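By the UniProt record's numbering, the letter at position 38 of the sequence shown is numbered 38, and the numbering carries on one by one without gaps. Idealized CB from N, CA, C, for every residue including glycine. All values reported here derive from a predicted model rather than from experimental measurement. The structure under discussion appears below in the form of structure tokens.
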Amino acid sequence: MTDLFERPAVQGEQQPARSSRSEQRARRAAKKRRQRRRRRALVVLLVSLLVVGGAGYLLLNNASDLFGFDNPLEAKDFEGPGTDPVDVVIEPGSTGRDMGAVLTEAGVVASSAAFAKAFEENPNAGKIQPGTHTLLLGMPAKDAVARLVANDSRVETKITIPEGYTVKQILEKASSVTDIPVADFEAAMADTAATGLPAEANGNYEGWLYPTTYVLEPGDVNATGIIQSMVSQTTSELADLGVPPERFQEVLTMASIVEWEGKNAEQRGMVARVIYNRIEDGMPLGMDAIDVYGLGKPANQITSEEFQNPDLPYASRVHQGLPPTPIGSPSRESVEAVMNAPAGPWLWYVTVNLETGETKFTDKYAEFEQFKQEYRQWVAENGG
1 MTDLFERPAV QGEQQPARSS RSEQRARRAA KKRRQRRRRR ALVVLLVSLL
51 VVGGAGYLLL NNASDLFGFD NPLEAKDFEG PGTDPVDVVI EPGSTGRDMG
101 AVLTEAGVVA SSAAFAKAFE ENPNAGKIQP GTHTLLLGMP AKDAVARLVA
151 NDSRVETKIT IPEGYTVKQI LEKASSVTDI PVADFEAAMA DTAATGLPAE
201 ANGNYEGWLY PTTYVLEPGD VNATGIIQSM VSQTTSELAD LGVPPERFQE
251 VLTMASIVEW EGKNAEQRGM VARVIYNRIE DGMPLGMDAI DVYGLGKPAN
301 QITSEEFQNP DLPYASRVHQ GLPPTPIGSP SRESVEAVMN APAGPWLWYV
351 TVNLETGETK FTDKYAEFEQ FKQEYRQWVA ENGG
């Protein structure tokens with residue numbers, strides 16, 4: 001029986017024959033030949049492009065000499081030496097290309113490529129400091145790099161506060177450097193929340209303005225920011241030395257006395273121990289530096305009546321314990337002396353030689369009187 005979809009052969013019609021194996025091999029070989037020809041053509045094309053491109057690069061690279069117009073591939077640079085000053089800000093972590101982009105936009109250098117090249121050629125370029133720098137418009141790139149490396153272009157304000165300075169002295173120093181009136185600093189200090197003054201200071205900044213050198217960028221030169229930096233530095237130093245927050249005021253007050261009474265590391269530690277011993281024994285501290293601060297005049301100008309006046313809060317020969325506030329801004333070394341005071345029974349000390357600073361300590365009152373006599377003799381012999 002014939003299948004319904006089977007077409008019967010027509011008489012005389014030729015049936016397709018199966019491909020021979022030789023024909024299949026021939027087709028595969030032809031296909032491979034076509035693929036090889038295409039690959040060869042592609043290689044030739046790529047080589048041609050490279051040759052043409054290389055020639056074009058060489059042509060462009062020498063365009064200035066051959067045709068008299070600027071080479072677009074060459075890093076543009078100014079001849080210099082520069083004209084008007086302009087401030088630019090170098091951000092922390094900037095690379096040579098980052099700096100070049102900033103300086104190019106500001107008109108200091110002609111191209112970031114020229115600056116990057118000069119940056120790479122200067123062995124000290126890595127020393128460039130972030131911050132605001134004053135450069136010149138139209139500078140040669142190598143000059144701009146050299147100026148930044150020298151760091152003499154940096155726009156900054158430096159305030160150096162010596163150890164032991166009082167708030168009054170610190171504000172006068174800060175005002176003389178920044179041209180900010182003392183009254184502006186005082187107004188800023190009224191806002192203790194903005195300046196970060198701890199509550200235990202009771203609004204009094206004495207001792208809380210850390211003595212060091214402050215480097216201020218142009219945007220940081222304002223009264224509140226400067227005071228805040230000084231207070232922040234103090235709390236940071238106290239914390240770093242392991243002072244518990246509840247002892248900040250106490251330690252600053254003791255250290256401020258040590259700052260003025262001790263002349264070296266050994267003396268500072270022994271003076272701190274005398275303070276501890278006298279407070280423990282319920283004795284007045286009896287230290288001239290406290291009275292000098294309270295009365296605002298040298299010890300040799302303070303009368304016996306003033307030393308003994310109970311109405312004066314800083315009369316150290318009358319009142320027991322620490323004075324109401326620190327008497328200046330202590331150094332880190334003086335804070336360390338308070339925190340690490342050596343063991344010892346000392347209750348009195350006298351500097352017997354003002355030139356060498358020789359100071360003798362004792363726990364015996366008779367020796368103390370003897371040391372005072374030695375001091376008087378030195379003064380008589382040296383006329384001071």
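Presumed contact (8 Å Cβ cut-off) between residue i and residue j, rounded CB distance
{"i": "Glu163", "j": "Pro85", "result": "About 37 Å separates the two Cβ atoms, so there is no contact after all."}
{"i": "Val88", "j": "Leu103", "result": "6 Å"}
{"i": "Ile161", "j": "Leu209", "result": "7 Å"}
{"i": "Tyr205", "j": "Val167", "result": "5 Å"}
{"i": "Pro330", "j": "Ala255", "result": "4 Å"}
{"i": "Ile290", "j": "Ile275", "result": "So it is not a contact: roughly 11 Å between Cβ atoms."}
{"i": "Ala337", "j": "Arg268", "result": "4 Å"}
Option in the options with minimal Cα separation from residue i
{"i": "Leu216", "options": "Asp191, Gln228 and Gly296", "result": "Gln228"}
{"i": "Met139", "options": "Thr234, Gly80 and Pro323", "result": "Gly80"}
{"i": "Met189", "options": "Gly294, Gly286 and Ile170", "result": "Ile170"}
{"i": "Asn353", "options": "Asn202, Leu347, Glu381 and Gly282", "result": "Glu381"}
{"i": "Thr157", "options": "Asp143, Ala141 and Ala174", "result": "Ala174"}
{"i": "Ser111", "options": "Ala341, Lys142 and Gly93", "result": "Lys142"}
{"i": "Asn340", "options": "Gly126, Thr132, Leu241 and Arg317", "result": "Leu241"}
Three-way DSSP call (helix, strand, coil) for residue i in this model
{"i": "Glu358", "result": "strand"}
{"i": "Gly269", "result": "helix"}
{"i": "Asp184", "result": "helix"}
{"i": "Pro218", "result": "helix"}
{"i": "Pro345", "result": "coil"}
{"i": "Gln308", "result": "coil"}
{"i": "Gly321", "result": "coil"}
{"i": "Lys173", "result": "helix"}
Inter-residue spacing [alpha-carbon to alpha-carbon] between residue i and residue j
{"i": "Ala299", "j": "Pro326", "result": "18 Å"}
{"i": "Tyr165", "j": "Ala106", "result": "42 Å"}
{"i": "Glu91", "j": "Asn264", "result": "41 Å"}
{"i": "Ala113", "j": "Glu121", "result": "12 Å"}
{"i": "Glu266", "j": "Arg97", "result": "53 Å"}
{"i": "Gln129", "j": "Asp152", "result": "11 Å"}
{"i": "Thr303", "j": "Gly294", "result": "13 Å"}
{"i": "Thr95", "j": "Pro181", "result": "39 Å"}
{"i": "Ala199", "j": "Pro284", "result": "27 Å"}
{"i": "Gly344", "j": "Thr359", "result": "15 Å"}
{"i": "His319", "j": "Thr195", "result": "32 Å"}
Beta carbon of residue i nearer than 7 Å to that of residue j
{"i": "Ala223", "j": "Asp179", "result": "no"}
{"i": "Gly207", "j": "Leu238", "result": "no"}
{"i": "Gly100", "j": "Phe78", "result": "no"}
{"i": "Asp363", "j": "Trp346", "result": "yes"}
{"i": "Ala118", "j": "Val149", "result": "no"}
{"i": "Leu135", "j": "Thr83", "result": "no"}
C-beta neighbour in chain C for residue i, strict 7 Å
{"i": "Ala299", "result": "This model lacks chain C altogether; it includes just one protein chain."}
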